[in-house]
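These notes are about the structure you will find just below.
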Amino acid sequence: MRIKSLATIVAIVLVAVPVAAGCGGDDDSGDGGQAASPAPTATQTTTQPPAAGRALTIRMTEFAFDPKDAIAKAGKVTITAPNDGKVVHELVLLKTDEDPAALPKKGDEVDESTSVGEIADVEPGSTKKATFNLAPGKYAMVCALPGHYEGGMYGSLTVE
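Under this note's numbering, the first residue of the sequence shown is numbered -8, with each subsequent residue one higher.
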C-alpha cells in the first residue's frame, strides 16, 4: 500500500512541476517583455491633484496644463514640462492668491510682475525642465504667449 501511495505522489509531482514552471518566470507573451504598465500619475489626466512632491511633470497641450491643479512640497521643486501640443508653449509661475482664471493684465497680457520663473518656449514634441525654490503658498501656472491664457491655458500650484 505504501508503494502505491508513493507512486501516486511521485506521479503528481512529475505532472505538477512542469505545470508550475510554466506559470512563472519567462513572460513570453509575444510582446518582448514590454507588457503595458500604467503610466505615472503625474502624466495622466486626473480630476484630483497628484501626490505632493519635489518633482512634478506638467504636460502642455492646446490650451491646457495637465494636471491643471498641482501640489508640491516647499523647497527646490523641479518641474518637467513636455509639450504634447502642436505649437510652442511656456509655463510661467506666478506667486499669487488670485484665481488663475482671473489674473490681472497689463494690456492684453497677463501681468507677470509676481513671476518666480518660467520654462520658456518649449517647442512641440520637446521637453524642458527647471528647478524653482518655492515657498509655501499658492501659485498660478500660465502660458503667457499671445492668446494662450485667453484660450484657457492656466492652472494652479499649491506649495505646502
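Glycine included, each C-beta is placed from N, C-alpha and C at the ideal position.
Integer Cβ distance of residue i from residue j, believed to fall under 8 Å
i	j	result
Lys119	Ala72	6 Å
Ala61	Gly146	7 Å
Pro127	Glu151	6 Å
Glu109	Glu81	6 Å
Val107	Leu94	That belief does not hold up - the Cβ atoms of Val107 and Leu94 are roughly 14 Å apart, past 8 Å.
Nonlocal neighbours in the same chain, by C-beta distance under 8 Å from residue i, ignoring five residues either side
i	result
Val79	Asp112, Val113, Glu114, Pro115, Leu136
Ala30	Bear in mind that a pLDDT of 35 at Ala30, under 50, signals an unreliable position, so the number given afterwards is only what the model happens to contain. Closer than 8 Å at Cβ, skipping near neighbours: no residue.
Gly23	With a pLDDT of only 43 at Gly23, under the threshold of 50, the placement of this residue in the model should not be trusted; the figure read from the coordinates follows. Once the five neighbours on either side are set aside, Gly23 has no close Cβ partner at all.
Lys96	Asp102
Residues near residue i in its chain [Cβ-Cβ closer than 7 Å; skip 5 each side]
i	result
Asp17	Because the pLDDT of Asp17 is 44, which lies under 50, any placement of that residue in the model is unreliable, and the number read from its coordinates should be weighed accordingly. Answer for Asp17: no residue qualifies.
Cys14	Bear in mind that the predicted position of Cys14 carries a pLDDT of just 43, short of 50, making it unreliable; the figure below should be weighed with that in mind. None.
Gly76	Met51, Thr52, Glu53, Pro115
Ala92	Tyr145
Ala149	Going by the sequence as given, residue 149 is Thr instead of Ala. Here the set comprises Ile62, Lys129.
Gly143	Phe54, Ala55
Thr105	Leu85, Lys86, Thr87
Contact set for residue i: own chain, Cβ-Cβ below 6 Å, skip 5 residues either direction
i	result
Ala46	Thr69
Ala12	Because the pLDDT of Ala12 is 43, which lies under 50, any placement of that residue in the model is unreliable, and the number read from its coordinates should be weighed accordingly. Hits under 6 Å: none found.
Thr122	Lys67, Thr69
Val133	Val83, Val101, Tyr140, Tyr145
Residues bridged to residue i (per DSSP)
i	result
Pro73	Thr118
Met144	Looking at the DSSP assignment, Met144 forms no beta bridge with any residue, so it has no partner.
Ile62	Thr149
Nearest neighbour of residue i, chosen from the options [CA to CA]
i	options	result
Asp88	Met144, Ala131, Tyr140, Glu151	Ala131
Ser117	Asn74, Asp90, Ala63	Asn74
Leu85	Lys97, Lys96, Glu103	Glu103
> Going along the chain, which unbroken runs of the beta strand (DSSP E) with 3 or more residues stay wholly within the region 79 to 119?
Replying inline: Counting only runs of 3 or more, we get 80 to 86, 106 to 113.
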